[in-house]
Structures are given as structure tokens and as C-alpha cells.
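**Student:** Chain order of the listed sequences is A and B.
Counting with the numbering used here, you get residues 1 to 288 for the letters of the first sequence.
Counting with the numbering used here, you get residues 1 to 338 for the letters of the second sequence.
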Amino acid sequence: MTLSLVLSLLALALVRGTPILLAALGGVLSERAGIVNIALEGEMTAGAFAAALLSYFTRDPWIGAIGGVAVGAAVGFALGFAATRWRVDQIVAGMGINLICTGGAAFGLIYVFNQAGVTPQVPAINQALWPMVVLGIALAAALQWAIARTPIGLRLRACGENPHAARAAGIDPLAVRLYASAIAGGLAGLGGVFLALGELNLYSDGMIAGRGFIALAAVIFGRWTPIGAAGVALIFGLLEALQFALQGNIAWLPSDFLQALPYIAALLALLGASGRYRPPAAEGKPYP
Amino acid sequence: MNRESAKALAIGTFGVAAAMSLAMIASHVSPIVGFNAFFYGAFGGKQEIAETLASTTALLFPALGIAIAFRAGLFNIGAEGQLLIGGLLAGWIGTRIDVPPAIAIAAIFLAGAIGGALWGAIAGWLKAARDANEVISTLMLNFIAASLALYLVTGPLRAPDAAGPELSLLPHAYWLPTLLSHTRATIALPIALLAAFALRYVLDSTWFGYRLRAAGEAPEAARRAGISLSRVALWAMAWSGALAGMGGAALVAGELHRFNTQLSPGYGFIAIAVALVGGLEPLTICIAALAFGALESGGLALQAAAAVPKDAIHVIEGLLVFALAARRYLGARGAGAR
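Here you go:
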């Protein structure tokens, strides 16, 4: 394998890994605040669809990008609101949100564009692809620092570990969880924007293809730390890139196996990692 | 039915009707025309009722399976993969055996149950032996199941008469007898109902059901009382997968008459909503499955007759689940008490 081949493989890995990374950072944020975020998939879908939609109508991809992030954040806010004010079961609510977002996007496609499956081509920000990759990695580093070393990070962690103690220290766990969930939605929405306007220039049904769930796996394997989750997300990106590189090059390896590679890797990682993953203590538990 | 669930039912029905009206108005369809098309599509005639019953059956099997896992406190989101592997094994057995039809049909259902149980047991074993998060493992297994099925039907098990990613057609004698002639409503429905009654008995009145519920509702207390949580996890996931796999077998023998990788348009995921709306109680789940079956077939008719996209139905199902989550119903029933 030549050097240029290795470099192009790594470049592809970064591009494939970044949307997962962005959503995973959102997942870390909301889970460290105590909210299980199974809705990342729906938030990415909503972000991608809204971005393509806004870009189509305004002809300005930047408005699309901002709108995608905002819509993702709104979905995250809805999850956070339900989780804090209504004390819902967060996994159930997350499943509901995923159904609403994927169904809503499919409905919207037919309603707005009068065609199923895919939007027309829209103005994109393909030139911002690499800046977004860098932004993702920088965000991971910044969040790592912020969660570990800043007062706001301490408050966030307190709400995820022991909201009652946080309350006693004068922090409002409900507000922290609500905002963390909204920001998480925004990050997942940015992941959707990356796919719809960064890599491509359209939204199509099923384009998120489970990346939100992969991001959730990255959160767990990354032990709920931004750097860890980002690293795992990029490994998933590398596995996806490998799948492209190996396709058709190794005769005895069926291509369906290559397609399942990231998921098999995740399963094997679960197998090897017994008991080493401890989630935030109060994760998923309604407060008060 | 107590007062609280009656109230929830009324609010749910009203909410669904309101959301559907909005979707119709948004699509420039008068709600009167729209609801007319919807109800005709769901219940208007023999063919329409049969379609509703077919969707009901397809959702009921995996929903019952999901209820087992959720009652044990395990979030099995892998019914889709378990259904697929069950269907694959059922479709393969069905083309391999040469026995009287009744035995063949029993073998096909058994194969479906075994396939689904094995696939579910992988996640159960990971949970039991390695304390692996079942949400992640079942999700990953869904993706792996899809790839595995595609690999097998296009590779080692490739059928000479296959037009797509599918196995051979089952012999005509093995096709499930229909309830209403020339429709997709088959005897799979009474089998599913029987399974629901059996499950209710097992959950409420047997030692296994008791241990399962105890592990779900108060794991720490169950453990101290000598119940092996890992054994419960393994068996709950296996039985959960077995029911989903029977759903796959029912689709193979009753509707497509062969295994195809496109067997399920997401039944395993919608079944989660069905199980939750049914309050994780087997008999209530039957009613929820009928409601969702009507939504599915009525939704298709709505799309055909009034150009309201079918996906609106999924939004409504999502809203229903979201609203249900807000009732603190699950808290005392397993899945919430983790």
C-alpha cells in the first residue's frame, strides 16, 4: 500500500467519522447531564432535512446550515423538556422522537417537493467540509476541557451523577439537563448538516442510516468523555472507509461482511469490555 | 379497564384524530374525505379488513416479544433483526423439507422461533456474561442481521428462481391457510392471539414469569432473593427473539410465501410502539396491534385515495409513543425501573 493510498484512506475516515463524532459529542453532553439520548438519530435526520429544505428555499446554504442546527436543537429541547418537566421515560420518548423525525422528513419530502425519497439538489457548502472536520475535532478537545475543568462542566457532571446534591449546591438540575439536551440536539443537527450540505447537496430518506445509533455506541465505548467518544467515532469512520477501500479487492471476503464490519466491531468491543463502562450514576433517572 | 387507562385511551384517540386532521388539512384534503378514505381503507370491505388483520399479525408477534424483554427490564430494540433471522430460517426450512403440510407449517414456525431466539440470545448472553448494554447490542445485531441475510441469500443459499434478494418459493401446500379467501389474512393471526394468551399466563402465573417481572421491577431485591439476573436476561431475550422470529415465519409462510430480505418494512420498530401503547400487557397489546394495523392499512388507503403521504402515520405513531411516555405508566412496569 502506498503512502498516498493510506492518506486518502485516512482522509475518507475523517469525512465518514465526523458526522458520527458531532452527534456523539452531543450524546456525551446530554448523558453527562443525566439524559439518555437515544434520539440522536432523529435529531440528525431533522437537522439534515431542515438544512436541505432551508437551503433550497433561501438559496443560501449557510442559512440552511444554521437552520439545521437550530432544528436539531429544538428537537433536543423537546426531549429535554419532556424529560425534565414531564418526567418521561427517556428511552421511550427518544424512540417516539425518532419515529416523528424520520416520518416527518418523509412526509415533508412529499408535502414540499411532491416527490418521495429525495430532495432536488440544493446549494451546498462543500467547500466547508474540511473546516467542519477540523471544527469537530476542536470541539471534542474543547468539550473535554470544559467538562473536566470548568465550573459549568462540574455542574453538568453533578446533574448527571447526583442531581440532589447538585440541587443542594444551588444548581437547578432541570435547567442544566434541558440546556444540555438542546445543545446536544444542535450538535447532532450539525452532524446532519454535514451529511446533507457538506458531503452532499440534498436530503434523502434513510441518509442518516443508523449513524445516530452508532454515535450512541461511540458515547458508551468512549466512556462518556468527549475525546473518547470522538476517537471511537473516528474509528467507526475508518472502518467505513476500509469498507470502501477493500470492496472488490479481496475476493474471498464477501462485501456484505464488509458492510457489517463497523457493527461487528462494536459487538466485539462490547464483548471485550465487560463492566468497564460505568454510565453517569443518575443517567436516565427523572429528577426530582 | 380502570379510570386512568380509560382517560388515556380517550385522550389518545382524540390526539390521533386531531393529528390526522392536521396532516390532511396540510395536504389540502378535507378531513371528511380523508377520514372516509382512511376508514374505508382499514375496514371498508373484506379485502380491506384482511389487510388490517395482516398488519395486525405482523406487528403482534414482535410486540409480544418486545413486551417480554421490557418486562424483564431489557430494552430489546432488536426485534427487527430477530424477525429477519427467524424469517430466514423459516424460509430455508420451508424449501428443504418434504412432509405433510400441517407438520411443515409447524416446522416453519418452530424454525422462525429458533432463529429469532438464537439471535436474541446473543444480546442476552452479552448482557448476562459481559454486562453489555442491550440497547447497543440489539441495535448492532439489527444491522448485522441485515447483512448476514443478504449475504446468505445472494451467496451460499442463492435460489435458482430468485428474482431479488430472496430464497425459493415455498411449496404451495405449505402456504398458511387464509381466514378470508384470496386475502393476506391467514391463520397466523389466531396463532398470534394464542401466543398472547399463553404469554399472559406465563407472565402472571408461572415461576418463570414471576422471576422475570421481579428482575425488571426490582432487580436489586430480586438478586438478593436469589434470582439469577443473568439467567433471566438470557432467557428473556431468547423468548423475546423467539416471538419476533415467529413473526418472521408468519410473514414468510403467510404473505410472501418465500423469504426476502425486504420482508419487513420496519415492523420490528413499530412493534416497540405497539408494545408500549399496549402497556406491556399481552392482551392489551392485541388491541394496540389492531389499532396500529388499522393505522397502517388505512394510512396506505389514505395515500392512494387522498394523496396524504403514508409517512404521516409514522409521525402520528411517534406522537402517540411520546405522549405515552409522559404518563408515568412504565415506572412500575419493568422497563422504566432500571
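Backbone N, C-alpha and C fix where the C-beta goes; we use that ideal spot for every residue, glycine too.
Roughly how many whole angstroms lie between the Cα atoms of V71 (chain A) and W224 (chain A)?
**Tutor:** Position 71 of the first sequence, counting from 1, holds the residue named residue 71 (chain A). Position 224 of the first sequence, counting from 1, holds the residue named residue 224 (chain A). Their backbone Cα atoms lie some 24 Å apart in a straight line.
**Student:** Name the chain A residues that come within less than 7 Å of Y151 (chain B), Cβ to Cβ?
**Tutor:** Taking the first residue of the second sequence as position 1, residue 151 (chain B) is located at position 151. Within 7 Å Cβ-Cβ: P254, D256, F257.
**Student:** Once DSSP output is grouped into helix, strand and coil, what is the label at S240 (chain B)?
**Tutor:** Translated into positions along the second sequence, residue 240 (chain B) becomes position 240. Of the three classes helix, strand and coil, the one that applies to S240 (chain B) here is helix, per DSSP.
**Student:** At a Cβ threshold of 7 Å, is F213 (chain A) touching chain B?
**Tutor:** On the first sequence, position 213 is the one that residue 213 (chain A) refers to. Yes, its Cβ sits closer than 7 Å to a Cβ of chain B.
**Student:** Identify the residues that DSSP records as bridge partners of S55 (chain B): which are they?
**Tutor:** In the second sequence, counting from the first residue as 1, residue 55 (chain B) sits at position 55. Paired residues: none, contrary to the question.
**Student:** Counting contacts by CB-CB distance shorter than 7 Å, is I290 (chain A) in contact with chain B?
**Tutor:** Residue 290 (chain A) is absent from the model: chain A starts at 1 and stops at 288.
**Student:** Could you check the C-alpha separation between G266 (chain B) and I272 (chain B) for me, to the nearest Å?
**Tutor:** Position 266 of the second sequence, counted from the first residue, corresponds to residue 266 (chain B). Position 272 of the second sequence, counted from the first residue, corresponds to residue 272 (chain B). About 10 Å.
**Student:** Closest by CA to A323 (chain B), which one among A:A73, A:E31, A:M95, A:L12?
**Tutor:** Numbered from 1 along the second sequence, position 323 holds the residue referred to as residue 323 (chain B). The residue with the shortest Cα to Cα distance from A323 (chain B) is A:M95.
**Student:** Which residues in the same chain as A233 (chain A) place their Cβ atom closer than 6 Å to its Cβ, once the five residues preceding and following it in sequence are excluded?
**Tutor:** Translated into the one-based positions of the first sequence, residue 233 (chain A) becomes position 233. For A233 (chain A), where only same-chain residues beyond five positions count, the Cβ hits under 6 Å are G17, I20, L21, A24, A218.
**Student:** What's the call for N76 (chain B), buried or exposed, on a 16-neighbour Cβ count within 10 Å?
**Tutor:** Reading the second sequence from its first residue, position 76 is the one you call residue 76 (chain B). With 16 or more Cβ atoms within 10 Å of its Cβ, N76 (chain B) is classed as buried.
**Student:** Please classify T178 (chain B): does DSSP put it in a helix, a strand, or coil?
**Tutor:** As a working note, residue 178 (chain B) is residue 178 in the second sequence. In the structure shown, T178 (chain B) sits in a strand (DSSP, three-state: E or B).
**Student:** So, do the stretch 217 to 224 of chain B and the stretch 130 to 144 of chain B have three or more beta carbon pairs nearer to each other than 8 Å?
**Tutor:** No contact exists between the stretch 217 to 224 of chain B and the stretch 130 to 144 of chain B.
**Student:** Based on Cα-Cα distance, which residue from A:A51, A:Y56, A:F57 lies nearest to A65 (chain A)?
**Tutor:** The residue given as residue 65 (chain A) occupies position 65 in the first sequence. Comparing Cα-Cα distances from A65 (chain A) to each of A:A51, A:Y56, A:F57, the minimum goes to A:A51.
**Student:** Applying a beta-carbon distance threshold of less than 9 Å, which residues of chain B neighbour Y263 (chain A)?
**Tutor:** Here residue 263 (chain A) refers to the residue found at position 263 when the first sequence is read from its first residue. Neighbours of Y263 (chain A) on chain B, chain order: L139, M140, L141, N142, F143, I144, S147.
**Student:** To the nearest angstrom, how far is the alpha carbon of L10 (chain A) from that of L238 (chain A)?
**Tutor:** As a position in the first sequence, residue 10 (chain A) is number 10, starting the count at 1. As a position in the first sequence, residue 238 (chain A) is number 238, starting the count at 1. Distance between the alpha carbons of L10 (chain A) and L238 (chain A): 7 Å.
**Student:** State yes or no: is the beta carbon of E317 (chain B) nearer than 7 Å to at least one beta carbon in chain A?
**Tutor:** Numbered from its first residue, the second sequence carries residue 317 (chain B) at position 317. Yes, because at least one Cβ of chain A sits closer than 7 Å to the Cβ of E317 (chain B).
**Student:** At 9 Å on the CB atoms, spell out the chain A contacts of G155 (chain B), in chain order.
**Tutor:** Within the second sequence, numbered from 1, the residue matching residue 155 (chain B) stands at position 155. P254, D256, listed in chain order.
**Student:** Taking DSSP as the reference, what is the three-state secondary structure of V232 (chain B)?
**Tutor:** Residue 232 (chain B) sits at position 232 when you count from the first residue of the second sequence. Correct three-state label for V232 (chain B): helix.
**Student:** The ligand MN and L280 (chain B): does the residue's C-beta get closer than 6 Å to at least one heavy atom of that ligand?
**Tutor:** Only the bare structure without any ligand can be found here, which leaves the ligand MN out of the picture.
**Student:** Looking only at its own chain, which residues have a Cβ that is under 7 Å from the Cβ of T154 (chain B), when we skip the five neighbours before and after it?
**Tutor:** For the purposes of this step, residue 154 (chain B) is taken as the residue at position 154 of the second sequence. So the qualifying residues of the chain are P165.
**Student:** Nearest-angstrom Cα distance between P177 (chain B) and S205 (chain B)?
**Tutor:** Residue numbering aside, residue 177 (chain B) sits at position 177 when the second sequence is read from its first letter. Residue numbering aside, residue 205 (chain B) sits at position 205 when the second sequence is read from its first letter. Their Cα atoms are separated by approximately 32 Å.
**Student:** Run through the DSSP bridge pairs and tell me what V118 (chain A) is partnered with.
**Tutor:** The residue given as residue 118 (chain A) occupies position 118 in the first sequence. Beta-bridge pairing links V118 (chain A) to A:S204.
**Student:** Considering only their Cβ atoms, is the gap separating L74 (chain B) from R414 (chain B) smaller than 7 Å?
**Tutor:** Because chain B spans 1 through 338 in this model, residue 414 (chain B) falls outside it and cannot be assessed.
**Student:** When the Cα of G120 (chain B) is compared with those of B:A242, B:G248, B:G298, B:L256, which residue comes out closest?
**Tutor:** Counting from 1 along the second sequence, the entry for residue 120 (chain B) is found at position 120. Closest option to G120 (chain B), Cα to Cα, is B:A242.
**Student:** Take L320 (chain B) and list the residues in its own chain whose beta-carbon comes closer than 8 Å to its own, dropping the five residues that flank it on each side.
**Tutor:** Walking along the second sequence from the start, residue 320 (chain B) turns up at place 320. Only G12, G15, V16, A273, V277 meet the Cβ criterion.
**Student:** Whole-angstrom Cβ separation of T119 (chain A) and Y179 (chain A), contact assumed at under 8 Å?
**Tutor:** Residue mapping note: residue 119 (chain A) aligns to position 119 of the first sequence, counting from 1. Residue mapping note: residue 179 (chain A) aligns to position 179 of the first sequence, counting from 1. About 31 Å; that fails the 8 Å criterion.
**Student:** Where D89 (chain A) and L195 (chain A) are concerned, what is the direct C-alpha to C-alpha distance, given to the nearest angstrom?
**Tutor:** Translated into positions along the first sequence, residue 89 (chain A) becomes position 89. Translated into positions along the first sequence, residue 195 (chain A) becomes position 195. Rounded to the nearest angstrom, the two C-alpha atoms are 30 Å apart.
**Student:** Between the Cα of M207 (chain A) and those of A:L29, A:V28, A:V6, A:F49, spot the shortest distance and give me the residue it belongs to.
**Tutor:** Numbered from 1 along the first sequence, position 207 holds the residue referred to as residue 207 (chain A). Minimum Cα distance to M207 (chain A) is reached at A:F49.
**Student:** So is D311 (chain B) buried or exposed if we call it buried at 16+ other beta carbons inside 10 Å?
**Tutor:** If you number the second sequence from 1, residue 311 (chain B) lands on position 311. D311 (chain B) should be labelled buried.
**Student:** Which residues bound the alpha helix (DSSP H) around W130 (chain A)?
**Tutor:** Start at 1 with the first residue of the first sequence, and residue 130 (chain A) comes out as number 130. It spans 129 to 149 - the alpha helix (DSSP H) in which W130 (chain A) sits, taken as one unbroken run.
**Student:** Can you list, in chain order, the stretches of the alpha helix (DSSP H) that have 4 or more residues and sit fully within the stretch 234 to 311 of chain B?
**Tutor:** Listed in chain order, they are 267 to 277, 282 to 306.
**Student:** With a Cβ-Cβ cutoff of 7 Å, do G411 (chain B) and A238 (chain B) count as a contact?
**Tutor:** Lying outside 1 to 338, the shown extent of chain B, residue 411 (chain B) is not represented and no answer is given.
**Student:** Quick one: what does DSSP say E283 (chain A) is sitting in, helix, strand or coil?
**Tutor:** Looking up residue 283 (chain A) in the first sequence gives position 283. Correct three-state label for E283 (chain A): coil.
**Student:** Which runs of the alpha helix (DSSP H) fall wholly inside the stretch 232 to 281 of chain A and span at least 4 residues, in chain order?
**Tutor:** List check, alpha helix (DSSP H) in window: 255 to 272.
**Student:** Mind listing the chain B neighbours of M207 (chain A)? Cutoff is C-beta to C-beta under 8 Å, in chain order.
**Tutor:** Within the first sequence, numbered from 1, the residue matching residue 207 (chain A) stands at position 207. The premise fails here: M207 (chain A) is roughly 15 Å from chain B at the closest Cβ pair, so nothing lies under 8 Å.
**Student:** Would G192 (chain A) pass as a contact of M44 (chain A) if the rule is Cβ separation under 7 Å?
**Tutor:** For the purposes of this step, residue 192 (chain A) is identified with residue 192 of the first sequence, where counting begins at 1. For the purposes of this step, residue 44 (chain A) is identified with residue 44 of the first sequence, where counting begins at 1. Contact flag set, yes.
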